[in-house]
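Student:
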Amino acid sequence: MASDRAQQQQQQPASPIGRAADQARRHTVTASRPRIGTLSRLNGTSYAVMMVDLDVPTDTPPATDTLLHWMQAGLVPSATPTRMNTTAGTLQVFLLGDPSASSNTGTSAGRGRVANATAGIAVPYVGPNPPARTPLSHRYVQLLVDTSGVTGQGAEALRRAAASATKTTRRGFDPSAALAAAGLEGRVVAGNSFNVTNAGPPANSTGASGPKSGSESGSGSGSGSGSGSASESDASGSDGSSSRAGAGDGARQTVLPGEGVGSRPGSVLVGGLVAVGVVALGL
1 MASDRAQQQQ
11 QQPASPIGRA
21 ADQARRHTVT
31 ASRPRIGTLS
41 RLNGTSYAVM
51 MVDLDVPTDT
61 PPATDTLLHW
71 MQAGLVPSAT
81 PTRMNTTAGT
91 LQVFLLGDPS
101 ASSNTGTSAG
111 RGRVANATAG
121 IAVPYVGPNP
131 PARTPLSHRY
141 VQLLVDTSGV
151 TGQGAEALRR
161 AAASATKTTR
171 RGFDPSAALA
181 AAGLEGRVVA
191 GNSFNVTNAG
201 PPANSTGASG
211 PKSGSESGSG
221 SGSGSGSGSA
231 SESDASGSDG
241 SSSRAGAGDG
251 ARQTVLPGEG
261 VGSRPGSVLV
271 GGLVAVGVVA
281 LGL
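The numbering of the sequence shown is the UniProt record's numbering, which starts it at 1 and goes up by one.
1) Can you look up Ala162 in the DSSP assignment and give me helix, strand or coil?
2) For the candidate residues Asn195, Ala182, Arg41, whose alpha-carbon lies nearest to that of Gln142?
3) Can you give me the C-alpha to C-alpha distance between Leu95 and Ile36, rounded to a whole angstrom?
4) Label Ser176 either buried or exposed according to how many other C-beta atoms from any shown protein chain fall within 10 Å of its C-beta, with 16 as the threshold for buried.
5) Leaving out five residues on either side along the sequence, give the residues of the same chain with a beta carbon under 7 Å from the beta carbon of Arg133.
6) Measure the C-alpha to C-alpha separation of Asn85 and Met71 and round it to an integer number of angstroms.
7) Could you check where the alpha helix (DSSP H) with Ser176 kicks off and where it finishes?
8) Have a look at Gly200, Leu158, Thr66, Arg170 and flag the residue whose alpha-carbon is nearest the alpha-carbon of Glu185.
9) Checking the sheet assignment: what are the DSSP bridge partners for Pro77?
10) Nearest to Leu75 by alpha carbon, out of Ala178, Thr118, Pro61, Asp53?
11) What's the C-alpha gap between Ala199 and Arg139?
12) Whose CA, out of Pro61, Ala63, Pro81, lies closest to the CA of Ser40?
13) In the DSSP assignment, the beta strand (DSSP E) including Ser40 goes from what residue to what residue?
14) His138 bridges to which residues according to DSSP?
15) Do the CB positions of Leu68 and Val150 come within less than 7 Å of each other?
16) Looking only at its own chain, which residues have a Cβ that is under 6 Å from the Cβ of Ala165, when we skip the five neighbours before and after it?
17) What residue range is occupied by the uninterrupted beta strand (DSSP E) comprising Asp53?
18) Where Leu179 and Leu42 are concerned, what is the direct C-alpha to C-alpha distance, given to the nearest angstrom?
19) Enumerate in chain order the residues of its own chain whose CB-to-CB distance from Arg83 is below 7 Å, with the five nearest sequence positions on each side excluded.
20) Give the DSSP bridge partners of Val188, in chain order.
21) Kindly identify the DSSP beta-bridge partner or partners of Arg83.
22) Under the rule that 16 or more other beta-carbon atoms within 10 Å means buried, what is Ala161, buried or exposed?
23) Just how far apart, CA to CA, sit Pro130 and Leu54?
24) Going by the beta-carbon positions, is the gap between Gly152 and Ala182 smaller than 7 Å?
25) Pick out whichever of Glu156, Met50, Pro34 has its Cα sitting closest to the Cα of Val189.
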């Protein structure tokens with residue numbers, strides 16, 4: 001993460017060219033894959049994150065579709081906190097990482113070697129960028145799921161859901177159905193929602209992409225025994241720009257929100273025990 005908002009306000013470039021470059025840099029950062037962390041240490045051994053757009057346009061408005069922007073399983077929580085700069089100040093967070101995308105084992109620090117049946121299950125991240133079609137404002141949800149102790153059958157169901165989403169250009173993804181098939185109902189430990197709005201006006205042509213402007217807002221919530229969770233946009237992510245896919249047929253070509261302008265995927269995931277609120281990270 002480059003800097004928090006307070007630091008950016010204090011270090012605004014003096015020239016218009018400098019300001020434009022700084023704005024472009026920040027938009028690039030927020031378009032990248034977030035880093036997931038929690039405000040308190042998690043007790044589980046493995047977790048998965050999902051991010052879904054609930055308002056994908058269709059050819060029969062006001063009907064909408066869903067689109068899976070991101071799935072990453074096999075995440076292992078750190079036992080030690082990492083200091084992070086955020087728009088709410090400096091926080092100590094426990095990052096979740098994928099210790100080995102090519103192995104079915106992972107190390108949960110402080111807990112020894114543990115089996116990680118969900119390692120390698122992933123759908124690459126694509127940042128928000130609603131097209132200039134109705135609806136202009138899109139709701140995005142992020143879910144953090146405890147996959148500790150998932151059965152082999154459950155892990156395979158989650159793997160099939162990820163593969164199916166990729167084959168169908170990510171549209172029509174139902175996170176509740178995917179979790180139920182994997183036996184993970186009631187295992188969501190934290191969640192976040194935010195809106196990204198295209199400045200419009202809506203285009204007449206099907207599949208038109210949005211202009212390079214927009215606005216966003218967000219809120220977080222949690223339930224059960226989940227801990228407060230945060231996601232920081234990672235500037236090194238490679239899946240946050242110019243990703244395109246079909247919408248299932250030639251007449252419904254959709255631009256996946258990949259340009260990432262006017263987006264804030266680096267919002268907080270907040271669970272039930274620590275705090276409920278929104279902390280925007282990586283802006």
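We treat Cβ as the ideally placed atom computed from N, Cα and C, and that holds for glycine. These numbers were taken from a predicted model, which means no experiment stands behind them.
Tutor: Taking the coordinates as given:
1) Three-state DSSP puts Ala162 in a helix.
2) Asn195
3) 6 Å
4) Ser176 should be labelled exposed.
5) Pro57, Pro202, Ala203, Ala208
6) Approximately 25 Å, taken between the alpha carbons.
7) Here the alpha helix (DSSP H) through Ser176 covers 175–181.
8) Considering only alpha carbons, the answer is Leu158.
9) Leu96
10) Thr118
11) 15 Å
12) Pro81
13) That residue, Ser40, is in no beta strand (DSSP E); it is neither H nor E in DSSP.
14) DSSP, once it has assigned bridges, lists Val196 as partnering His138.
15) No, the pair does not count as a contact, with Cβ atoms beyond the cut-off.
16) Leu68, Val123, Phe173
17) Residue range 47–57 is occupied by the beta strand (DSSP E) that includes Asp53.
18) When rounded, the distance between both Cα atoms is 20 Å.
19) Thr90, Gln92
20) Val145
21) As DSSP reads the structure, Arg83 sits in a beta bridge with Gln92.
22) buried
23) 11 Å
24) no
25) Met50
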